[in-house]
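Undergrad: For the protein sequence lines, the chains are A and B, in the order given. Following UniProt numbering from start to finish, the first sequence increments by one per residue and tops out at 731. Following UniProt numbering from start to finish, the second sequence increments by one per residue and tops out at 731. A virtual CB, placed ideally from N, CA and C, is assigned to each residue, including glycine.
2 protein chains.
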Amino acid sequence: MGLLTGSHQLDEADANNFGVDWVIHYQFEDTEMSQAIDEFRTLIQDLHEAKLQMQVRPGYGASLLVCIRVPRDYLGNMVYKSRVKDWLYGIIHEVPIGDEQTSIDAETAAEELRSVYHAVTWSKALGGAGITAQSGKWKNVTGTFPLHDPSANAELLRKWSRTLLLTAEDLDAIRALYGEKVAYYFAFIQCYSTFLIFPAVWGVFSWLYLGPYSITCASVNCLWCIVFVEYWKIRETDLSIRWNVKGVGALKVNRPQYVWDKEVRDSVTGEVVRVFPAHKQFLRQMLLLPFATVASIALGSLIVVTFAMEIFISEVYRGPFKEYLEFLPTVLFSLSLPWINNTLTRIATQLTDYENYRTQDQFDIAQTSKTFVMNFITSFLPTILTAFVYVPFGARLLPYLSVFYVGSFAKAGDTRRVHVDPSRLQQEVIYLSVTGQVLNFGEEVVLPYVKRVLVQKWRDYRQKYAMAAHGRRYSHRTDQLLNDVPDEASFLWRVRTEAEADEYNVHDDTLEMCVQYGYLALFGVSWPLVPLGFLANNWLELRGDFFKLSLECQRPPPIRADSIGPSLQGLEVLTWLGTLSTAAIVYLYRGEMADVRLSTLLLVLLTAEWAYLGLRFVVRTAVEKIATGSLRREAAKQYAVRKSYLDTISRSTSPKGRPRVRFQDRVKVYSTATDATTNTQEFLHPGQHESSSEERFWSCPTQDTADAGVRLIKALRAGDSIQPEKMKKGA
Amino acid sequence: MGLLTGSHQLDEADANNFGVDWVIHYQFEDTEMSQAIDEFRTLIQDLHEAKLQMQVRPGYGASLLVCIRVPRDYLGNMVYKSRVKDWLYGIIHEVPIGDEQTSIDAETAAEELRSVYHAVTWSKALGGAGITAQSGKWKNVTGTFPLHDPSANAELLRKWSRTLLLTAEDLDAIRALYGEKVAYYFAFIQCYSTFLIFPAVWGVFSWLYLGPYSITCASVNCLWCIVFVEYWKIRETDLSIRWNVKGVGALKVNRPQYVWDKEVRDSVTGEVVRVFPAHKQFLRQMLLLPFATVASIALGSLIVVTFAMEIFISEVYRGPFKEYLEFLPTVLFSLSLPWINNTLTRIATQLTDYENYRTQDQFDIAQTSKTFVMNFITSFLPTILTAFVYVPFGARLLPYLSVFYVGSFAKAGDTRRVHVDPSRLQQEVIYLSVTGQVLNFGEEVVLPYVKRVLVQKWRDYRQKYAMAAHGRRYSHRTDQLLNDVPDEASFLWRVRTEAEADEYNVHDDTLEMCVQYGYLALFGVSWPLVPLGFLANNWLELRGDFFKLSLECQRPPPIRADSIGPSLQGLEVLTWLGTLSTAAIVYLYRGEMADVRLSTLLLVLLTAEWAYLGLRFVVRTAVEKIATGSLRREAAKQYAVRKSYLDTISRSTSPKGRPRVRFQDRVKVYSTATDATTNTQEFLHPGQHESSSEERFWSCPTQDTADAGVRLIKALRAGDSIQPEKMKKGA
């Protein structure tokens, strides 16, 4: 794991953050000097007004690094206020005791950093400095980020390189370092990988003892998918309670771009709420439908054409340059995909902007949903085409590919002697679950790392060269600023590197896992060893992602979340599609393709659909019933907290006056009724409304009631023998 | 509405309840006199120990009526304690201020009666008298019930006879009189009837302008069903917030029959919880599957056989006694159905008992679910058979009915000249939506009313006769007890009538509405005027049900609930089935039966299923987004309450000590940092762990930061023109 712990050895000095809480990276490459100076002065002024301390250092190139520190007891006060807000919104149950000046300890580094983040980014009205990177007047601020904690990161990586599964404490550690949003991703991949163990073992068993496309294997896999998704839902709630973030979406602040229709003073809380009507937003969200259609058509047709060309060239075409032409479709596809994807993403962003979400969270969720749609199409459509179009109908469809016969290619192919190989699906699935995953990991983690190291080396070399070439000197003061103090050198090197690093987007990683889950759910049945491949991959993936997060990306602001977001819906849709796809694959590939009948296929699909709905209901009920420990604990905690309040309040404000008694229209006042053994008549003060007949009704003393009843029983029972007629009728 | 206001005129005296809160009906018809006396003494003793006042009066036949009154301030204290419990469990947000002796007003009569109910029925450990009717040692207690409020009932009935729709205030009035569980039923029928207006109007339009089995009509109906169910879910939550009953299931007490595995002391609340493992219960619940199978087979085969016989006799049979034989299957069915239903209900009750639910609520829900399964089969299976078996395949299946050719019937029929009439489905649906509903109403409301009046008349006549025949006299004291005081006569007449009345089961009425909804969802498309018929019926049904509840049944204990219970799941299943059924009916009946192809039918079903899933998702999202006003208000209310607590607490317990500041491992203490315009260095007291390099890093005063930055900008920008190489690389 030498790669993971980094090429430079960590010592105490390297791990020192010099008390810097936050860094702002200001670039003025393309800005007039006077404008840059004005902007920078405003920046410093804004930070200063937000009661922050700062120091400035040169960055790489035409950029400055503003190091920010929040005075400790101001920070403690912010943490306290944040806790109070949490409590007011019902996120936590323990009331934070204190007043305006109270300063309390943060529970984790992430909680502390979140307050710093708020101090830097929140609008001035909320007491922050209002610095949001790359937006509005701060488009020259290319990044605002906290510094990594190198020793904690290295320790976690070292620990995980020796273990198989993450523990709850590891997840807590991630949460303490990076906040709940990131921790949710790691909790998800951890939960998913643990769940993968079962299908991996079962897959090996199926591979050895059950035939290919076994119905048993398929059913077990589908059931596993349903159980996993339902369990994860409960697990999410569990974690949200463990991390005190349940319902945290409610207290997020408005994003700067939010446009509201009117300001309404809430009649209950008395606070001003900026309202954008929900039905308007919903109508705007409906634009997702045409967008999804356009995206599907654009990406779908691209994929279909590529696929058809590829098939044509590899299977039918017999003309010249076959070996080169074979790569043509993939090359064309790879060239046009980024352009289409970029266009679609731009449209998606505009749509999401137009949908006008109140909080950044909601915005992210909406944007991610759209990315999902696009990603699912590009990820799954090629394999879907192979599984359900090419292999079953290929022999019948290939002749139509004659549309490609133009010019010199004419007559170069012969469609009649085409033989479609049903194992093509399996090959594709094997590629996806083994080669694809490895390549993906390389592209995602190793490549950027190598690139970063090379860029760094190149930069150092050029810097040295430039230094040697120029001897120009500034004023002593400026020179002092330009050259790093030896003490700070390695620290500043780290800050500069982090300033140049990419932002970490947790949604991308989550999406990647969802796509993997999708392959498993949709096509897993065609090669039972798929889960085994994924399991091995995920062991590396988890560590690789943490490596990327901690060493290759900026430390993300520790944002809170109580779910993995729209991915959850993605998982549900994939599970549903997976059941249908699995059923269809098993039916199509199990026997001879020629025996396939449409009505049987439809019946199989319908049955699979109903089985899915039924099983999901049963599994959901079972999982909810059994795995609700933490919900119960949550309720118990709330109960305990309320109980203790009640004691406090009743002790401090116990009203010792006369108990108020006013009952509907029949008012009766008893002096006391706790001692009920004495005659009740003594306590009876007839009320105003009590009629004399009512008084008489209740006049018989209580202890006589039993005797009266006994008399009646005797009388009625005696009458029983004499008046059988009457009694029978009355019974 | 003379029928509804009752045959006897209400005057002030009639409406007087003599301050009686609760009545216990004790019957000793089949009990030894000595045992009866012992039991009765125990009963009085138990009530006495629960601090209740009582009076005894003779009932009809060998029975006694124990009238119970709770001392007013003891009741007020119980109401207070109940509120405290509500608050502890998070049902209400306002904390009830007070101490052990506090006595407060109930908000509604129902709240008051609920406390009385608890005083009578709760176990002695909880401070009640532990009297539960017809169970355990109280099997001779045939009923415990509160008395009706005749004037309030009459007023509501009078008001509703003049209006079309119920208002929110009407629902509140029902809630105030009968508690939330009953009010939920009326809210449901009210919401459902209001929703019916749209399909009624649309149905008339379709009937006039669209052809039969129109696709447009079918799609609109299905969409309406989805919207209705999703809206009702939101409405339920809305009402639960309006009535302060959200999550009320949590605080219900254990039912006496509950068996627990172990007692656990909750580590957080410190209370003893009686635990029965959830997974055990779930496994027991799984027995529902074999039960549903057995019930389906038993009822299904009965229905199929009846159906086949009926068809055979009416369509095929040409022998003697045809006019009498035609009724034979229905008669046989009617005779065997009660027996089968009773057997199944007995099994269902045993199953539910075995499932061992903690609260009566959960028990009721589980029992109702099972009743649902049985009811759905008997209600819908005959029409399903007509729609999907008899009409489409009748001509092909009828020849197989030759199984009935026995003895003299042989050769009496001719299956070849059978013509199946496709309009039979429509006729059946018309019957169900018009005739069936009217008959049902008569059976449910009018018949019991007539029966009750006749029984009453007969009893009065016999009593007079018996009096005249016998002159036997008891002791003066007993005689006084046996003969009603003139003042009390009409009151006691009412109490005796109520004691003899049936218990009101709200689940039955809800179920009836669900079945009606089911007809609409499943078969509505075959006759577009169905909703119109249902709408007219429901106007009467709502009033008839209230009439039944208030004049023909005992007043039910005012139990709380936050939902209509398992009916909601029933509605969802019916909506789903309805989509499939509607699609299939439209496909089958639209064209010629002969053109029907299985694969097309399956395709239609699959498409309908997917359309249903997609639409439901969209509708759910939309309804949740738009109709969440009261959820927001709920959150705002909680916020306001917490805010006021916070103010109270921070005023009373403000800790004016030195603010605690302890931060991770880098401890720094500032005297104060609120005045940040002065030089920060003045406030800096270097902490123990602060390294000297860190101290030096922060040594530059804040106001110099801007200048330093400007210097750097100038230097780097100047360098820009001189060292383009270096800067470009750094960018």
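Which word fits H279(A), buried or exposed, when buried means at least 16 other C-beta atoms lie within 10 angstroms of its C-beta?
TA: Counting Cβ neighbours within 10 Å, H279(A) comes out exposed, since fewer than 16 surround it.
Undergrad: Looking only at DSSP bridge pairs, what is S63(A) linked to?
TA: S63(A) pairs with Q27(A).
Undergrad: Whose CA, out of Y184(B), L156(B), F697(B), lies closest to the CA of D487(A)?
TA: Closest by alpha carbon: F697(B).
Undergrad: For the alpha helix (DSSP H) that contains L143(B), what are its first and last residues?
TA: Contrary to the premise, residue 143(B) reads as Gly rather than Leu in this sequence. Counting along the chain, G143(B) falls outside any alpha helix (DSSP H), though it belongs to the beta strand (DSSP E) covering 141-145.
Undergrad: Alpha carbons only, please: which of R72(B), S693(B), R633(B) is nearest the one belonging to residue 767(B)?
TA: Here chain B comprises residues numbered 1 to 731, so residue 767(B) is not present and cannot be evaluated.
Undergrad: Name the two residues that bound the continuous beta strand (DSSP E) containing E263(B).
TA: Unbroken beta strand (DSSP E) run through E263(B): 262-265.
Undergrad: Going along chain B, which residues have a C-beta under 8 Å from C191(A)?
TA: What C191(A) touches in chain B: nothing, since even the nearest Cβ is about 20 Å away.
Undergrad: Could you please give me the residues that DSSP links to R274(B) through a beta bridge?
TA: Paired residue(s): E263(B).
Undergrad: Are the C-beta of S693(B) and some C-beta of chain A separated by less than 7 Å?
TA: For S693(B), the answer is yes, since a Cβ of chain A falls inside 7 Å of its Cβ.
Undergrad: Does the stretch 211-230 of chain A touch the stretch 249-267 of chain A, meaning 3 or more C-beta pairs lie closer than 8 Å?
TA: Counting Cβ pairs under 8 Å, fewer than three are found: no touch.
Undergrad: Which residues share a DSSP beta bridge with W22(B)?
TA: DSSP lists I68(B) as partners of W22(B).
Undergrad: Just reading off the alpha helix (DSSP H) that P392(B) is part of, what are its end residues?
TA: Start and end: 391-397.
Undergrad: Give, in chain order, every unbroken run of the alpha helix (DSSP H) that is at least 4 residues long and sits entirely within the stretch 472-513 of chain A.
TA: As far as the stretch 472-513 of chain A is concerned, its whole alpha helix (DSSP H) runs of at least 4 residues are 476-482, 486-500.
Undergrad: Would you mind reading off the limits of the alpha helix (DSSP H) that contains M33(B)?
TA: Counting along the chain, the alpha helix (DSSP H) containing M33(B) begins and ends at 33-49.
Undergrad: Are the stretch 489-503 of chain A and the stretch 45-59 of chain A touching by the rule of at least three beta carbon pairs closer than 8 Å?
TA: The stretch 489-503 of chain A, when compared against the stretch 45-59 of chain A, does touch it at the 8 Å Cβ threshold.
Undergrad: Can you list, in chain order, the residues of its chain whose CB lies under 7 Å from that of T388(B), leaving out five sequence neighbours each side?
TA: In the sequence as presented, Thr is not what sits at residue 388(B); that position holds Phe. A584.
Undergrad: Kindly list, in the order they appear in chain B, the residues whose Cβ is closer than 8 Å to that of V495(A).
TA: The contacting residues do not exist; V495(A) stays about 11 Å from chain B at best.
Undergrad: Does chain B have any CB closer than 7 Å to the CB of E94(A)?
TA: Cβ-Cβ to chain B under 7 Å: no for E94(A).
Undergrad: Alpha carbon to alpha carbon, how far is V147(A) from L551(A)?
TA: According to the sequence displayed, residue 147(A) carries Leu and not Val. One C-alpha to the other measures close to 11 Å.
Undergrad: Under 7 Å, Cβ to Cβ, is there at least one residue of chain B near G19(A)?
TA: G19(A) counts as touching chain B.
Undergrad: Please list, in chain order, the residues of the stretch 595-625 of chain B that have any C-beta partner in chain A closer than 7 Å.
TA: Listed by position along the chain: L598, S599, L602, L603, L605, L606, E609, A622, K625.
Undergrad: Give me, in chain order, the residues of the same chain whose beta-carbon lies closer than 7 Å to that of E180(B); leave out the 5 immediate sequence neighbours on both sides.
TA: Cβ within range, chain order: W243, V245, R560, A561.
Undergrad: Could you list the residues in the stretch 36-60 of chain A with a C-beta less than 7 Å from some C-beta on chain B, going in chain order?
TA: The stretch 36-60 of chain A vs chain B, Cβ under 7 Å: A36, I37, F40, R41, I44, H48, K51, Q53, M54, Q55, V56, P58, Y60.
Undergrad: Over the uninterrupted alpha helix (DSSP H) stretch that includes Q426(B), give me the two end residues.
TA: Unbroken alpha helix (DSSP H) run through Q426(B): 424-430.
Undergrad: Closer than 7 Å, Cβ to any Cβ of chain B: which residues of the stretch 226-243 of chain A, in chain order?
TA: Those would be none; no residue qualifies.
Undergrad: Quick one: Cα of G319(B) to Cα of L613(A), how far?
TA: When rounded, the distance between both Cα atoms is 49 Å.
Undergrad: Taking the DSSP output, what are the residues bridged to R57(A)?
TA: According to DSSP, which records beta bridges pairwise, R57(A) is partnered with L65(A).
Undergrad: Taking Cβ positions only, does V453(A) come closer than 7 Å to chain B?
TA: Output row for V453(A): interface = no.
Undergrad: Let me make sure I understand the geometry here. Which of V331(A), S314(A), L351(A) has the alpha-carbon closest to that of E323(A)?
TA: Per the Cα distances, S314(A).
Undergrad: How many whole angstroms separate the CB atoms of G578(B) and C222(B), which I take to be in contact at a CB cut-off of 8 Å?
TA: About 7 Å; that satisfies the 8 Å criterion.
Undergrad: Measuring only between beta-carbons, confirm whether C514(B) sits less than 7 Å from chain A.
TA: No, C514(B) lies away from the interface with chain A (no Cβ there is under 7 Å from its Cβ).
Undergrad: Give me the residue from Y74(B), K451(B), F376(B), N483(B) with the minimum Cα distance to L522(B).
TA: Residue F376(B) is the option with its Cα nearest to L522(B).
Undergrad: How about P96(B) and R114(B): are their beta carbons less than 7 Å apart?
TA: Not closer than 7 Å, so no.
Undergrad: Determine, for K643(B), whether the minimum Cβ-Cβ distance to residues of chain A falls below 7 Å.
TA: Yes, K643(B) lies at the interface with chain A (some Cβ there is under 7 Å from its Cβ).
Undergrad: Output, in chain order, the set of chain B residues within a Cβ distance shorter than 7 Å of C700(A).
TA: Residues of chain B passing the Cβ test: Q55.
Undergrad: Could you tell me which chain B residues have their CB closer than 7 Å to the CB of T705(A), listed as they occur along the chain?
TA: Within 7 Å Cβ-Cβ: I44, M54, Q55, V56.
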